[in-house]
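Visitor: I'd like to ask some things about the structure below.
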Amino acid sequence: MIELVWLIPLFPFLGFLFNGLIGRWLNLDKRIVSLVACSALGFAFLFSILVFFSLLKLSPEARAVVPDKVLFDWIVSGDLKTVIGYKIDPLSIIMALVVSGVSFFIHVYSVGYMRDDPGFTRYFAYLNLFVFMMLTLVLANNFLLMFVGWEGVGLCSYLLIGFWFERDAPANAGKKAFVVNRVGDFGFLLGIFLLFAHLGTLEFNEVFAKAPSLDTVTVTLITLMLFVGAAGKSAQIPLYVWLPDAMEGPTPVSSLIHAATMVTSGVYMIARCHVLYNMAPVSMAVVAIVGAATALYAATMGLVQFDIKRVLAYSTISQLGYMFLAVGVGAFSAGIFHLMTHAFFKGLLFLGAGSVMHAMSGELDMRKMGGIWKRAPITFWTFLIATLAIAGIPGFSGFFSKDEILWQAFNSTHGHVYLWAVGAIAAGMTAFYMFRLTFVTFLGRCRASEEVKKHIHESPPIMTIPLIVLACLSIIGGYVGIPHILGGRNFFHEFLAPVLGGLPQGAGHAAFSLVGDAFAGGSAVEGSGVNMEILLMGISVAIAIIGISIAFYLYIWKTEVPKRLAQRFKTIYTIVFNKYYVDEIYEACFVNSTKKLGTFLWREFDDGVVDRSVNLVAGLMLWFGRVLRRIQTGHVQGYALGIILGAVIIIIFLIR
Amino acid sequence: MPSTVPSIYYLIVSALIFAIGAVGVLVRRNAIVIFMCIEMMLSAVNLTLITVSHYLNSLDGVLMVFFVMTVAAAEAAVGLAIFVLLFRGRKTIKVDEINLLKW
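Quick mapping for you: the protein sequence lines, in order, are chains A and B. Letter 397 of the first sequence, counting from 1, is numbered 397 in the working numbering, and no numbers are missing. All you need for the working numbering is the position in the second sequence, starting with 1, plus 656.
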């Protein structure tokens with residue numbers, strides 16, 4: 001069964017070919033198009049499950065060393081030999097499961113959401129292509145193939161953000177996402193080049209086997225370069241600016257690409273390269289600090305936005321920051337765990353937002369909503385579940401994964417109490433803005449216009465069923481990784497341990513032993529570690545509840561207070577509301593100077609040097625012609641003289 | 657053995673005639689005169705060919721002369737026809753006045 005891994009990306013690709021070529025050309029019926037697109041994903045999901053279970057049958061040690069499934073040689077040139085090959089290990093199969101599973105449900109949802117769009121077929125072709133590229137990214141067994149997937153998802157992201165390209169905003173947003181991602185990809189490419197230059201191979205197994213031969217400086221440089229790529233793709237400071245704008249795309253796209261899958265590929269890549277990162281403590285610190293900073297920074301912007309999709313976008317950036325915090329402190333499996341639970345609940349939140357838009361005739365401003373929970377109950381309850389999950393309320397998936405990250409940020413050898421504090425504050429903000437969003441959107445008085453009010457309705461089953469499925473996953477998704485301390489068994493980490501190694505051991509490491517219960521046994525510090533972990537867990541839950549309470553106080557109880565607060569702290573509010581003017585600063589610093597450079601090169605170099613030299617040559621030819629044509633007098637005898645002189649000269653030369 | 661004129665004299669004569677013809681082509685204005693000069697140059701060449709042929713005791717040169725004479729005759733016919741047409745068109749056959757083919 002494991003051998004069949006190559007079928008997982010193949011199905012979406014076939015779906016793309018069918019819809020992109022035949023479907024578009026023949027103008028096929030929407031039912032056929034959606035059936036093909038969804039069943040392609042269904043098969044991909046099915047095969048992911050099959051491969052997953054056959055991997056599960058192997059012993060934990062054997063899982064990490066399953067031979068790569070190599071399809072064929074791809075590029076063979078000199079020292080470089082690259083194959084199209086798929087890596088099967090717990091990490092890649094978890095990613096494949098999450099990607100194909102979440103994609104499948106979002107495809108189904110899209111059938112309802114995009115029902116009346118004229119670009120229906122194009123949409124599903126892009127979406128299938130995206131899933132193919134994403135699966136290539138996570139299953140690739142070498143850096144180059146991973147990079148193909150990496151660029152492919154970037155392309156699909158561009159195409160789908162600008163899906164409604166007739167309007168300016170989506171077209172510009174797509175362009176912005178593409179350009180900002182190029183900055184990151186530049187770093188990623190440099191990292192790959194450096195790896196190849198030093199190790200002479202790009203295959204994961206070989207690279208990680210040879211990695212110990214690298215010196216610290218090189219490996220730090222490589223990992224930092226790779227992190228630049230990850231920061232671009234996963235929207236971290238300073239390259240996060242494209243993600244909020246990416247919300248111009250269709251909502252299921254925001255859900256799939258810009259929340260659940262593509263943006264997490266940076267986290268996956270760092271987890272995949274954990275061997276390199278473990279060798280470079282400086283890079284680890286950079287990753288952790290950037291992650292924590294992004295988590296807090298994006299959360300502050302989420303506090304004041306009114307556009308529901310933008311709130312979710314900043315929330316996504318913030319949660320991605322958590323994942324980077326996790327991998328930055330060495331808790332790679334915790335990062336992947338949060339990646340998975342986040343895919344469930346954030347995917348659900350976006351789909352819920354789409355359902356709200358559907359109900360509200362396309363409205364996005366939460367100030368014009370309210371009180372729709374009665375009219376759209378399934379949307380409301382599933383949205384609430386996801387909100388509880390992201391806020392970190394015990395019992396929901398987000399609690400387990402987020403708490404583990406915070407504990408690791410505190411406890412790990414790479415961790416620090418400040419990292420924990422920043423993460424905890426961001427968690428409180430997350431709880432606040434998510435409940436603010438839920439309260440303002442679903443509860444209270446309806447502030448929509450009468451016209452819109454009449455049309456508020458629950459979405460059709462094809463949209464609500466994916467919501468319900470993802471809501472279930474948002475609840476139960478966390479129970480595969482219950483911390484030992486709560487008496488559970490951390491299946492998730494045990495599954496990933498053969499690839500990623502155990503979680504880093506800190507002061508209270510015994511409490512968190514992954515490698516087995518052997519560590520948990522006779523450690524003297526066990527008691528304090530356990531207490532500390534419970535204490536921190538309590539604190540983070542308390543912070544979440546405080547955040548929710550404040551949201552309740554401000555947006556249910558005393559609804560006039562937020563306005564007064566905004567008045568009171570007008571300067572800060574304006575700055576945060578305008579996203580710290582980062583877009584404007586970037587515009588002034590980078591965009592404008594690039595434009596100026598472009599104009600300079602156009603006016604001075606292209607016009608002044610290139611065009612002028614071409615014109616110079618042409619002018620020279622013209623001048624020669626003007627001079628030389630004087631020879632052509634029209635006097636036959638002049639020509640005859642020339643002939644004779646020529647003959648004489650030749651003869652002189654011959655007889656000499 | 658009867659005394660004969662040495663070949664070199666023939667060659668000198670032929671060179672002189674050729675030079676006269678060439679100068680005539682260059683300096684005279686009347687197309688017919690130029691034409692006659694060309695005929696002179698051809699005759700000079702014929703004389704050279706015959707001389708060398710005799711000197712080498714071979715008939716190749718003599719054979720060549722017949723060809724040249726044939727060509728010269730054909731050329732005379734075509735050339736004179738051109739002059740007639742030129743004169744009809746431009747009322748002159750002075751070559752320095754027939755200079756339209758230039759820049």
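Backbone N, C-alpha and C define an ideal beta-carbon position, used for all residues, glycine too.
Name the residue from 606/A, 337/A and 313/A whose alpha carbon lies nearest to the alpha carbon of residue 257/A.
Guide: Position 257 of the first sequence, counting from 1, holds the residue named residue 257/A. Of 606/A, 337/A and 313/A, the residue nearest in Cα terms is 313/A.
Visitor: Taking C-alpha atoms, which residue in 319/A, 285/A and 275/A lies nearest to residue 296/A?
Guide: Translated into positions along the first sequence, residue 296/A becomes position 296. Of the listed residues, the one whose Cα sits closest to residue 296/A is 319/A.
Visitor: From residue 680/B to residue 744/B, what does the alpha carbon distance come to, in whole angstroms?
Guide: Translated into the one-based positions of the second sequence, residue 680/B becomes position 24. Translated into the one-based positions of the second sequence, residue 744/B becomes position 88. Each residue's alpha carbon lies about 25 Å from the other.
Visitor: Tell me the rounded alpha-carbon separation between residue 384/A and residue 425/A.
Guide: Locating residue 384/A in the first sequence gives position 384, where the first residue counts as 1. Locating residue 425/A in the first sequence gives position 425, where the first residue counts as 1. Residue 384/A and residue 425/A: Cα-Cα distance of roughly 22 Å.
Visitor: What three-state label does DSSP hand residue 80/A in the structure shown?
Guide: Counted from its first residue, the first sequence places residue 80/A at position 80. Here residue 80/A sits in strand by DSSP.
Visitor: Can you find a C-beta in chain A that's less than 8 Å from the C-beta of residue 721/B?
Guide: Here the question's residue 721/B lines up with position 65 in the second sequence. No, residue 721/B does not count as interfacial toward chain A.
Visitor: Which same chain residues, not among the five before or five after residue 459/A, have their C-beta less than 6 Å away from its C-beta?
Guide: If you number the first sequence from 1, residue 459/A lands on position 459. Excluding positions up to five away in sequence, the list reads 355 and 358.
Visitor: Could you give the residue range of the alpha helix (DSSP H) that holds residue 29/A?
Guide: Here the question's residue 29/A lines up with position 29 in the first sequence. Element bounds for residue 29/A: n/a, residue is neither H nor E.
Visitor: Whole-angstrom Cβ separation of residue 353/A and residue 392/A, contact assumed at under 8 Å?
Guide: Taking the first sequence and counting its residues from 1, the one referred to as residue 353/A is at position 353. Taking the first sequence and counting its residues from 1, the one referred to as residue 392/A is at position 392. Contact doesn't hold; Cβ gap of about 20 Å is too wide.
Visitor: Mind checking which residues open and close the alpha helix (DSSP H) that includes residue 567/A?
Guide: Along the first sequence, read from residue 1 onward, the residue named residue 567/A stands at position 567. First-last of the alpha helix (DSSP H) with residue 567/A: 561-568.
Visitor: Counting only runs of 3+ residues fully inside the stretch 622-651 of chain A, write out the beta strand (DSSP E) ranges in chain order.
Guide: none
Visitor: Please tell me whether residue 137/A and residue 149/A are closer than 8 Å, where the distance is taken between their beta carbons.
Guide: The residue labelled residue 137/A in the question sits at position 137 within the first sequence. The residue labelled residue 149/A in the question sits at position 149 within the first sequence. In contact: residue 137/A and residue 149/A (Cβ atoms closer than 8 Å).
Visitor: Would you say residue 708/B reaches chain A, if we count a Cβ-Cβ gap shorter than 8 Å as a contact?
Guide: As a first step, residue 708/B must be located in the second sequence, where it is residue number 52. Closer than 8 Å: no.
Visitor: Mind the definition here: the stretch 33-40 of chain A touches the stretch 106-124 of chain A only if three or more C-beta pairs lie below 8 Å; say whether that holds.
Guide: yes
Visitor: Output needed for residue 178/A: all residues of its chain with C-beta closer than 6 Å, excluding positions within five of it in sequence on either side, in chain order.
Guide: Residue numbering aside, residue 178/A sits at position 178 when the first sequence is read from its first letter. Only 158 meet the Cβ criterion.
Visitor: Contact defined as beta carbons within less than 8 Å: I believe residue 467/A pairs with residue 382/A. What is the distance between those atoms, to the nearest angstrom?
Guide: Walking along the first sequence from the start, residue 467/A turns up at place 467. Walking along the first sequence from the start, residue 382/A turns up at place 382. Right, their Cβ atoms sit about 4 Å apart.
Visitor: Going by DSSP in three states, residue 522/A sits in which element: helix, strand or coil?
Guide: On the first sequence, position 522 is the one that residue 522/A refers to. Confidence in residue 522/A is poor, its pLDDT being 37 and thus under 50, which makes the residue's placement too unreliable to answer from.
Visitor: Would you mind reading off the limits of the alpha helix (DSSP H) that contains residue 746/B?
Guide: As a working note, residue 746/B is residue 90 in the second sequence. Per DSSP, residue 746/B belongs to the alpha helix (DSSP H) from 716-746.
Visitor: What residues from chain A crowd round residue 758/B, counting only those whose CB sits closer than 7 Å?
Guide: Residue mapping note: residue 758/B aligns to position 102 of the second sequence, counting from 1. In chain order: 632, 633 and 634.
Visitor: Please give the ranges of any alpha helix (DSSP H) in the stretch 446-505 of chain A, keeping only runs that are unbroken, at least 4 residues long and fully inside the region.
Guide: 450-455, 461-476 and 491-500
Visitor: Taking 7 Å as the limit between beta carbons, can you name the residues of its chain near residue 371/A, skipping five residues before and five after?
Guide: Translated into the one-based positions of the first sequence, residue 371/A becomes position 371. Excluding sequence neighbours, residue 371/A sits near 443, 444, 445 and 446.
Visitor: Do the stretch 110-122 of chain A and the stretch 18-26 of chain A touch if we need at least three Cβ pairs shorter than 8 Å?
Guide: yes
Visitor: One question on the structure: do residue 350/A and residue 209/A come within less than 8 Å of each other, judged by their Cβ atoms?
Guide: Here residue 350/A is taken as the residue at index 350 of the first sequence, counted from 1. Here residue 209/A is taken as the residue at index 209 of the first sequence, counted from 1. Not a contact, by the Cβ cut-off of 8 Å.
Visitor: Under a CB-based cut-off of 8 Å, is residue 752/B close to chain A?
Guide: Locating residue 752/B in the second sequence gives position 96, where the first residue counts as 1. Output row for residue 752/B: interface = yes.
Visitor: Is the distance from the Cβ of residue 44/A to the Cβ of residue 100/A below 8 Å?
Guide: Taking the first residue of the first sequence as position 1, residue 44/A is located at position 44. Taking the first residue of the first sequence as position 1, residue 100/A is located at position 100. Pairing residue 44/A with residue 100/A gives a Cβ-Cβ distance under 8 Å.
Visitor: Please report whether the beta-carbon of residue 718/B lies at a distance below 8 Å from any beta-carbon of chain A.
Guide: Along the second sequence, read from residue 1 onward, the residue named residue 718/B stands at position 62. Chain A, which has no Cβ nearer than 8 Å to the Cβ of residue 718/B, makes this no.
Visitor: Compile a chain-ordered list of the residues in the stretch 669-702 of chain B whose CB is closer than 7 Å to at least one CB of chain A.
Guide: 678, 681 and 682
Visitor: Can you tell me where the alpha helix (DSSP H) holding residue 59/A begins and where it ends?
Guide: Translated into the one-based positions of the first sequence, residue 59/A becomes position 59. No alpha helix (DSSP H) holds residue 59/A; DSSP gives it neither H nor E.
Visitor: Using 8 Å as the cut-off, can you tell me whether the stretch 64-75 of chain A makes contact with the stretch 101-108 of chain A, which would need three or more C-beta pairs spanning the two stretches below that distance?
Guide: no
Visitor: Buried or exposed: where does residue 509/A fall if 16 or more other Cβ atoms within 10 Å of its Cβ makes it buried?
Guide: Here the question's residue 509/A lines up with position 509 in the first sequence. Confidence is the limiting factor: at residue 509/A the pLDDT is only 39, short of 50, which leaves the residue's position unreliable, though a coordinate-based value still follows. Result: buried.
Visitor: Could you spell out the range, first to last residue, of the alpha helix (DSSP H) harbouring residue 318/A?
Guide: Along the first sequence, read from residue 1 onward, the residue named residue 318/A stands at position 318. Taken as a continuous stretch (DSSP letters only), the alpha helix (DSSP H) holding residue 318/A covers 308-328.
Visitor: In this structure, how does DSSP classify residue 71/A when only helix, strand and coil are distinguished?
Guide: Position 71 of the first sequence holds residue 71/A. Three-state result, residue 71/A: strand.
Visitor: Which whole-angstrom value describes the C-beta separation of residue 685/B and residue 750/B, a residue pair presumed to lie in contact below a C-beta threshold of 8 Å?
Guide: Working through the second sequence from its first residue, we reach residue 685/B at position 29. Working through the second sequence from its first residue, we reach residue 750/B at position 94. That pair is a contact at about 5 Å.
Visitor: List the whole-angstrom C-beta distance separating residue 1/A from residue 50/A, where the pair is believed to meet the contact cut-off of C-beta under 8 Å.
Guide: By one-based count along the first sequence, residue 1/A stands at place 1. By one-based count along the first sequence, residue 50/A stands at place 50. Going by Cβ atoms, the distance from residue 1/A to residue 50/A rounds to 5 Å, so yes, they are a contact pair.
Visitor: Are the CB atoms of residue 90/A and residue 499/A within a distance shorter than 8 Å?
Guide: One-based indexing of the first sequence puts residue 499/A at position 499. One-based indexing of the first sequence puts residue 90/A at position 90. Going by C-beta atoms, residue 499/A is nearer than 8 Å to residue 90/A.
Visitor: Within 8 Å (strictly less), CB to CB, does residue 641/A reach chain B?
Guide: Residue numbering aside, residue 641/A sits at position 641 when the first sequence is read from its first letter. At least one chain B Cβ lies under 8 Å of residue 641/A.
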